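Numbering (our numbering), first residue to last: 4 to 140. All C-beta atoms, glycine included, are put in the ideal place defined by N, C-alpha and C. None of the values given here were measured: they were computed from a predicted structure. Working notes, beginning with the structure itself.
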Amino acid sequence: MPALKAFIVEDSPVILENLIATLEELAQVEVVGSVADEAGAVRWMSRDPDGNADLFIVDVFLRSGTGLGVLQAAQQLGIRARRVVLTNYATEEMRRRCASLGAERVFDKSRELDDLISYCAELAEHASSTRPAAAAS
């Protein structure tokens, strides 16, 4: 059973498909949903701010809206899930902006994908080791 529930905000179908397959295969992550735009992400987060996902993986440039808007909405909604950014625009300024909006990490799509997978695997391992054991019957 996957230890970590993730929601992905990504507008590239190819990247999304590959990311889901990789996370689910290598990192004990269950992708519980995905959207390609800011409005869809905000709607999804608004449904159940406390229990939808353990991790949000957000691209900066989306079909409509931005990942920065998603991060800002997550702050305003009080989302407790971890938030990371996966982008082709991982400049120092973008990293600072994302951090100021609550992103824990920013990963460059072209150079740091393995780092994202490792990060997710560590979170999943930690989550599974801190879950209470099932009660004996």
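Quick check on residue i: buried or exposed, where buried means 16 or more other Cβ atoms within 10 Å of its Cβ?
i      : result
Ala56  : buried
Gly72  : buried
Ser67  : exposed
Asp118 : exposed
Phe1   : In this structure the chain extends from 4 to 140, so residue 1 is not present and cannot be described.
Glu125 : exposed
Ala138 : Note on Ala138: pLDDT 41, under 50, position unreliable in the model; the coordinate value appears next. So Ala138 counts as exposed.
Phe10  : buried
Ala127 : buried
Ala24  : exposed
Phe1   : Nothing can be reported for residue 1: it is not among the residues displayed for the chain, which extend from 4 to 140.
Arg114 : exposed
Asp62  : buried
Arg83  : exposed
Lys85  : A small fix is needed here, since residue 85 is Arg in this sequence, not Lys. Result: buried.
When DSSP builds the beta bridges, which residues end up paired with residue i?
i    : result
Lys8 : Glu33
Tell me which residue opens and which closes the beta strand (DSSP E) that residue i is part of.
i     : result
Arg86 : 85-90
Arg1  : There is no way to answer for residue 1, as the model of the chain reaches only from 4 to 140.
Locate the alpha helix (DSSP H) running through residue i, then write down its first and last residues.
i      : result
Ala102 : 95-103
Where are the beta strand (DSSP E) runs, 3 residues long or more, that stay fully inside the segment 35-75, in chain order?
58-61
Check whether the segment 27-39 and the segment 74-92 touch, using three or more Cβ-Cβ pairs below 8 Å as the test.
Here the segment 27-39 makes no contact with the segment 74-92; the two share fewer than three CB pairs at distances below 8 Å.
Between the segment 9-29 and the segment 93-108, do three or more beta carbon pairs fall short of 8 Å?
no
Using 8 Å as the threshold, is the segment 39-58 in touch with the segment 98-106, meaning 3 or more CB pairs across them?
The segment 39-58 is not in contact with the segment 98-106.
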